[in-house]
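For the record, the sequence lines run as chains A and B. Numbered by my numbering, the letters in the first sequence go through residues 1266 to 1666 in order. Numbered by my numbering, the letters in the second sequence go through residues 190 to 414 in order.
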Amino acid sequence: MTAFALAWRTARRYRARAVLAVVGVAVIGALNFDMLMLSRGLLLSFATMINSTGYDIRVAGASTLPLSRSPLTDATTLMNEVAALPEVDAVALIRTAGAVLAAPGRPPEGAELIGSTDPAGLGIWKQATGGDLTSAPNGATASAVISRPLAVRLGLSAGSTISVRVRIVDSLSAMPPVTLRVAGIAEFPFESQQASIVATTMDGFKAAYGGVLNDEASFMFARSRPPAGAEAAADAINRLRTDIHAFSNEQVIANFGRNAFTYFRQISVVLSATTAAFSMLLVATLLTVSVNQRLGEVAALRALGISRRRIASTLLWEAALLVGIGGVLALPLGELLATVLDKILRRMPGLPSGLHFFIFERNALVLHAAVLAVTAVVAAMYPVWLAVHLPIAQTLRQEVS
Amino acid sequence: MSGSGDVVVAQALSRVFPMAAGPVTAVREVSLRVDRGDYIAIGGPSGCGKSTLLHLLGCVDTPSSGTVRFEGRDVGALSDSERGKIRLTRIGFVFQRFFLLPMLTAWENIELPQSEAGVPAAERRARTRELLEYVGLSARAEHLPSQLSGGEMQRVAVARALANRPALLLADEPTGELDEATGDHIAALFDRVHADGTAIVLVTHNASLAARAKTRRAMRSGVLE
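Here's what the structure looks like:
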């Protein structure tokens, strides 16, 4: 009979203890698995968001922070220069402004107005229903794509018209309202879940400013042309002007990994280590109690010539079985817990709607397995030591007396 | 192995246990020779050192002084794993409390020492079947210890002790947990084991079991009389 078979039989024989250990490891393992998913979840989620925009370069005013909105001056010229670069395939300018929506019979509602030169809205929104900004404008009325919460709140759908008035920063006065025709409803992953967003063409944006607008942009997207690659294209853009800074998506993500998400990683490492320690203590305690209950058996086995190695490997297998089964059960439990926690955390105000805290990745699974394997070995160390070093004769005497 | 008929030879064996209240001498200057055809019963009051002597002869304990030679080899000079090998292949142990593994069937308990000794599976099966028949438990092969009576458990324990065809069978109060009738069955089983050529040393309070041995010795205060 192999050590594994003996361990399996032992676990089955002492079922209550085994179930207790498995459930304990499953619960603690689920927390550990969640911590591992949390440690890189935000970064992976952010990377997914930024990589699904259709653009791989982001250009802003000279700044060390890739996602800052320090404005780009002389934006149209810059766009044309960037578009002319052989390393660049496509460019889009984005402008943002605070606005107020005026609907008949309703109080004015604050919204963010976005102007984009990309009528498909790549990088800004994902079309849900209706058309994009290429839908033919009705005479002088520009098209708009609006966020779903806004559509629900105001009962808007494709074909509706909205009245938008731009707010002038640091001023009580406001521009006269412009009418925009709703072409479609979209998800804006970089904006908060409940945000009221109105995206329109640059012409529509300019019209909201009364037709007079300086040539600035909040930021610019660019898509590299193969085979140049994003880094080379970003370098080429950076060489155009000194007052701008272009970052490839990878650079943006790396920057975030180094700065913004470090806290989550550190918290996760601490919590993960703590949960692993709890798991180890639980299994070690149960195995130690179990060995103490079976000292007579172990001493008799040693007296019969069963080697220390076999006894040690049986206990190791027992720990591996308890931790292994618990660890496997921890996966669906952890996934379920992560879904609930993610839902709660994503209710934080101002959080981009496309951002998630817990993301499953293969590395998390590998790390989870590695942590559990180490836990099983460490947990078995003391009971194994106890079993293989017990004085045979003395233990047999004590068992009889 | 020695060239003579000696299985185990103990010379001037002493075993002293250090205690908080002062050292206790459990076995004092004991010399004993066990030959292949021997069947020795050691009696004596509780705490006189019988079990300690048995443990020393069975290589599970080391003497404070004196020597034990098992089939010619000085046990004191052997490593722990070498002593383990001797216990596995040359010595069989029967305990008062049986110490069968509760999660294994009778068959599996008997098979375990053979599997540890690396006996091939087919040979193991044949030997286990033979031993179960020998102790009269063929019909109980698949039963767990919890499904067996005390006498049956002790018969399985005897079969387990004989699994690797030992030269010496050591039994520590083998009928201590059994009623008189069941004890007699176990005693008859020891008679058979001895008749089949295995040397036996047992310690017991059971007078009728001791009476069946070829040699009866008594211990008092660690001294073998």
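We treat Cβ as the ideally placed atom computed from N, Cα and C, and that holds for glycine. The structure displayed is predicted, hence computed values, not measured ones.
CB contact below 8 Å: residue i versus chain A
i                      : result
residue 273 of chain B : yes
residue 341 of chain B : no
residue 278 of chain B : yes
residue 412 of chain B : no
residue 190 of chain B : Residue placement at residue 190 of chain B cannot be trusted, given a pLDDT of 41 that sits under 50; the coordinates are not used to answer.
residue 244 of chain B : yes
residue 369 of chain B : no
residue 260 of chain B : no
residue 247 of chain B : yes
residue 297 of chain B : yes
residue 240 of chain B : yes
residue 270 of chain B : yes
residue 250 of chain B : yes
CA nearest to the CA of residue i, picked from the options
i                       : options                        : result
residue 1513 of chain A : A/1505, A/1617, A/1503, A/1496 : A/1496
residue 1453 of chain A : A/1617, A/1624, A/1633, A/1279 : A/1617
residue 1281 of chain A : A/1395, A/1649, A/1552         : A/1552
residue 260 of chain B  : B/334, B/234, B/197            : B/197
residue 297 of chain B  : B/282, B/334, B/270, B/279     : B/334
residue 1361 of chain A : A/1481, A/1502, A/1575, A/1540 : A/1481
residue 1406 of chain A : A/1348, A/1444, A/1548, A/1275 : A/1444
residue 289 of chain B  : A/1625, A/1564, A/1615         : A/1564
residue 225 of chain B  : B/357, B/345, B/365, B/314     : B/357
residue 1486 of chain A : A/1660, A/1354, A/1295         : A/1354
residue 1239 of chain A : A/1587, A/1346, A/1568, A/1561 : For residue 1239 of chain A there is no data in the structure shown, the boundaries of chain A being 1266 and 1666.
residue 1636 of chain A : A/1538, A/1648, A/1580, A/1269 : A/1538
residue 1648 of chain A : A/1662, A/1569, A/1593, A/1550 : A/1550
residue 1340 of chain A : A/1662, A/1604, A/1508, A/1659 : A/1508
residue 285 of chain B  : B/269, B/339, B/411, B/308     : B/339
residue 1388 of chain A : A/1286, A/1598, A/1359, A/1294 : A/1359
residue 1372 of chain A : A/1393, A/1409, A/1413, A/1418 : A/1418
Burial state of residue i (16 or more Cβ within 10 Å)
i                       : result
residue 1601 of chain A : exposed
residue 381 of chain B  : exposed
residue 1609 of chain A : exposed
residue 1422 of chain A : exposed
residue 1298 of chain A : buried
residue 1656 of chain A : exposed
residue 192 of chain B  : Note that residue 192 of chain B has pLDDT 43, beneath the 50 cutoff, so the model's placement of it is unreliable and no number is given.
residue 239 of chain B  : buried
residue 263 of chain B  : exposed
residue 208 of chain B  : exposed
residue 1668 of chain A : Residue numbering for chain A in the displayed model covers 1266 to 1666; residue 1668 of chain A lies beyond these limits and cannot be assessed.
residue 386 of chain B  : exposed
residue 1491 of chain A : exposed
residue 190 of chain B  : Low confidence applies to residue 190 of chain B: its pLDDT is 41, below 50, so where it sits in the model is not reliable, and the reading given next is rough at best. Residue 190 of chain B is exposed by the Cβ-count criterion.
Residue span of the beta strand (DSSP E) that contains residue i, given as start and end
i                       : result
residue 1510 of chain A : 1509 to 1513
residue 1391 of chain A : 1391 to 1395
residue 1489 of chain A : 1484 to 1489
residue 1365 of chain A : 1353 to 1367
residue 1463 of chain A : 1462 to 1466
residue 1379 of chain A : 1374 to 1381
residue 200 of chain B  : 195 to 206
residue 1443 of chain A : 1443 to 1452
residue 1410 of chain A : 1407 to 1412
residue 219 of chain B  : 213 to 224
Short CB-CB distance (under 8 Å) between residue i and chain B
i                       : result
residue 1306 of chain A : no
residue 1665 of chain A : yes
residue 1282 of chain A : no
residue 1569 of chain A : yes
residue 1658 of chain A : yes
residue 1266 of chain A : yes
residue 1274 of chain A : yes
residue 1661 of chain A : yes
residue 1413 of chain A : no
residue 1611 of chain A : no
N- and C-terminal bounds of the alpha helix (DSSP H) containing residue i
i                       : result
residue 344 of chain B  : 339 to 351
residue 1495 of chain A : 1495 to 1505
residue 329 of chain B  : Element bounds for residue 329 of chain B: n/a, residue is neither H nor E.
residue 1590 of chain A : 1573 to 1610
residue 1299 of chain A : 1280 to 1316
residue 264 of chain B  : Element bounds for residue 264 of chain B: n/a, residue is neither H nor E.
Short CB-CB distance (under 8 Å) between residue i and chain E
i                       : result
residue 1565 of chain A : The structure shown contains no chain E; the protein chains it does contain are A and B.
**Request:** Anything in the stretch 282 to 294 of chain B with a Cβ closer than 7 Å to a Cβ of chain A? List those residues in chain order, please.
**Result:** Residues passing the 7 Å Cβ filter: 282, 284, 285, 286, 288, 290, 291, 292, 293.
**Message:** Can you pull out the residues from the stretch 196 to 221 of chain B whose beta carbon lies closer than 7 Å to at least one beta carbon of chain A?
**Reply:** Against chain A - using a Cβ distance shorter than 7 Å - the stretch 196 to 221 of chain B contributes no residues.
**Asked** In the stretch 1552 to 1563 of chain A, which residues sit with their C-beta less than 8 Å from some C-beta in chain B, listed in chain order?
**Response** Within the stretch 1552 to 1563 of chain A, the residues whose Cβ lies closer than 8 Å to some Cβ of chain B are 1561, 1562, listed in chain order.
**Prompt:** According to a CB-to-CB cut-off of less than 8 Å, which residues of the stretch 300 to 311 of chain B neighbour chain A?
**Reply:** Hits within the stretch, in order: 300, 301, 302, 304, 305, 306.
**Request:** Taking a Cβ distance cut-off of 8 Å, strictly less, list which residues of the stretch 1570 to 1587 of chain A are near chain B, in chain order.
**Result:** Against chain B - using a Cβ distance shorter than 8 Å - the residues of the stretch 1570 to 1587 of chain A are 1570, 1571, 1572, 1573, 1575.
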